[in-house]
Each structure stands twice: as structure tokens, then as C-alpha cells.
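Structure first, then comments.
Numbering (the working numbering), first residue to last: 61 to 217.
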């Protein structure tokens, strides 16, 4: 990822277990940023590579998932879940109750850019159905070109 950061990439979403180590090592060299995955990675990334490096983390809502599934099993609903694969996502307009989320406490919120209130409003709009997230991998979403630059940075090195 050295080549990405050297070419101007500001943030890498280090999606995939311990791949964050490569992203954080490369980011440290140029004072860049990383987005963690699975759980709140701020303590690990910032603690090991540099304070303020972690923008946020895309978290699996492990506590919500375990609590829900244990409640269902103890309620006698094993047959509803046993041997099945479920895709878990938003179940509430409250971000902290969902199966996917970003950490409210450690995300680098920025007034005038993206705030906790913006995040809460976005989650509420998604839960209500006003904002839809597509899993269609054949079509790219519309992107505001005035605020987004996408360029091929080549292979990871």
C-alpha cells in the first residue's frame, strides 16, 4: 500500500482481518489514515502506529448479534435459525442497536463535514427505506465528481 499512499491516497479501508497492519505501516510513513474493520480498531491502530490514524471502523454488531441470537434460542426459536445463513444489517433507526455500525465514540467526526447527527440521520433514512444500499456489483453508483477523485493506484506493494 506504500504506492497508494505515495500516489496521494489519503485513506485506505483495511478490509480483511489483520490486513490493517500493512495499511497502518504504509500510512505511518506519510501521516495518512486508515479505516478499520470488524470491531473498533482505534485502540490497536492508533496505539500501535500513530495517534489519530484511524478515521473510523466498519464494525460487525457482534454484541447485538449475540444478544439477539441467544434471546431467540432461549425463547425456543432454534428452528428459525439453525442450519440457515442470515444476512444481518439494520434493525433499528438507532445506530447502536444494529448488526452493522461505526463506533460513535472513536470515529473522527468533523463539524461541517460529517457529524454524529449526520450519521444518525443517515442510519434512520436507511432503516426507513429513504436511502437504499445496493448489493448490485454490476452497476457503479452515481458519484459527486466535485468531491470525489478515483484513480487506479496499481497493485498493492
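Note that beta-carbon positions come from the ideal geometry of N, C-alpha and C, so glycine has one too.
Kindly indicate which residue of the options has the alpha-carbon position closest to the one of residue i.
i           : options              : result
residue 70  : 141, 84 and 147      : 84
residue 109 : 97, 92, 118 and 161  : 92
residue 211 : 67, 62 and 61        : 67
residue 111 : 172, 131, 128 and 87 : 87
residue 79  : 65, 61, 137 and 90   : 61
Since residue i and residue j are thought to touch, with beta carbons under 8 Å apart, how far apart are those beta carbons, to the nearest angstrom?
i           : j           : result
residue 123 : residue 158 : That belief does not hold up - the Cβ atoms of residue 123 and residue 158 are roughly 11 Å apart, past 8 Å.
residue 82  : residue 114 : Actually they are not in contact, since the Cβ atoms of residue 82 and residue 114 sit about 15 Å apart, beyond 8 Å.
Determine which residues share a DSSP beta bridge with residue i and list them.
i           : result
residue 119 : 98 and 161
residue 71  : 93
residue 174 : 170
residue 114 : 94
Confirm, please, whether the CB-CB distance from residue j to residue i is below 8 Å.
i           : j           : result
residue 180 : residue 155 : yes
residue 117 : residue 145 : no
residue 99  : residue 75  : no
residue 187 : residue 153 : yes
residue 169 : residue 176 : yes
residue 185 : residue 193 : no
residue 63  : residue 189 : no
Between residue i and the ligand ATP, is the CB less than 7 Å from at least one heavy atom?
i           : result
residue 168 : Looking at this structure, you won't find the ligand ATP or any other ligand, since it has none at all.
Exercise. Does the region 102-112 come within contact of the region 137-154, defined as at least 3 CB pairs closer than 8 Å?
Worked result: no
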